[in-house]
Amino acid sequence: MQATDKMEVLKGAESRSAIPCLRCGECCRRYQVRLDLAEAERIAGELGLTREDFREKYADRRWPGERSLLVRQEHGCCTFLERSGDNGDELCGIHFFKPLSCREWTPALDRCECQAGLARRWGIVVDSSGELKGPDERMRDLNLFMDALAGDRRT
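In numbering that gives the first Met the number 0, the protein residues as written are 0 to 154.
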């Protein structure tokens, strides 16, 4: 099935061309975020915690680093990943002050994480020519989702 005009940003994505975050949580499942102590302290402060309390509650105890820490994974994903309602969105619980490495993450159709998210959440694949392929109903669902994201960016 041909992608609709409203999804042109997805259909025509070049290597590492940014697309809107699909809110699938795949990057939060596949990676464990490392924080330097200054960033850990900044996030701890936003949460109303001391750096030591933050380390105790959110750091992976297996990490041997003294000048950094790893954010703990829970149930196979970042401890801060939250499911949002019945629509399937998975969002960062500390989005407004999330780690720099997360803010710098660029979703793209050539990323295996984004492809996995499309497949898992919508049953849609990116074929070898970069076209989105999937059942008509699922393509419509993605189109509606993209419309909603466009609305979010305007507000």
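Just so you know, even glycine gets a beta-carbon here, dropped at the ideal spot from N, CA and C.
Excluding the five sequence neighbours on either side, which residues of its own chain have a C-beta within less than 6 Å of the C-beta of residue i, listed in chain order?
i: C91; result: F79 and K97
i: R137; result: W121, G122 and I123
i: R119; result: none
i: A115; result: E25
Applying the criterion that 16 or more other CB atoms from any shown protein chain within 10 Å of the CB defines a buried residue, is residue i buried or exposed?
i: R28; result: buried
i: T154; result: In this prediction, T154 has a pLDDT of 32, which is less than 50 and means its spatial position is unreliable; what the coordinates show is noted afterwards. With fewer than 16 other Cβ atoms within 10 Å, it is exposed.
i: E25; result: buried
i: R61; result: exposed
i: A39; result: buried
i: C113; result: buried
Which partner residues of residue i appear in the DSSP bridge assignment?
i: R33; result: L69
i: R82; result: E89
i: A58; result: V70
i: L131; result: V125
i: S77; result: It is worth fixing the name first, because residue 77 is Cys in this sequence and not Ser. Per DSSP, Q72.
Would you kindly work out how many angstroms separate the C-alpha atoms of residue i and residue j, rounded to a whole number?
i: R82; j: E73; result: 13 Å
i: N142; j: I18; result: 14 Å
i: Y75; j: P63; result: Going by the sequence as given, residue 75 is Gly instead of Tyr. Distance between the alpha carbons of G75 and P63: 21 Å.
i: C211; j: P106; result: Nothing about residue 211 can be read from this structure; the chain reaches only from 0 to 154.
i: D140; j: R102; result: 26 Å
i: L169; j: F53; result: Any property of residue 169 remains undetermined from this structure, which presents the chain solely from 0 to 154.
i: A58; j: R66; result: 13 Å
i: D135; j: D85; result: 21 Å
Compare the C-alpha of residue i against each of the options and name the closest.
i: M239; options: D88, Y30, E55 and D126; result: An answer regarding residue 239 cannot be provided, because it is not within the stretch 0 to 154 covered by the chain.
i: S128; options: D109, A118, A115 and C113; result: D109
i: L68; options: L117, L143 and A37; result: A37
i: S100; options: C111, R66, Y30 and A115; result: Y30
i: L46; options: E130, E103, P106 and H94; result: H94
With a threshold of 7 Å on Cβ separation, who are the neighbours of residue i within its own chain once the five nearest residues in sequence on each side are excluded?
i: G11; result: Low confidence applies to G11: its pLDDT is 47, below 50, so where it sits in the model is not reliable enough to give any reading.
i: C77; result: C27, V32 and V70
i: C20; result: P106
Tell me which residues share the same chain as residue i and place their Cβ nearer than 8 Å to its Cβ, disregarding the 5 neighbours each side in the sequence.
i: D126; result: K132
i: K56; result: L48
i: R50; result: L36, A39, E40 and A43
The ligand GTP and residue i: does any heavy atom of the ligand fall closer than 7 Å to the residue's C-beta?
i: L68; result: Here there are no bound small molecules, and the ligand GTP is not part of this structure.
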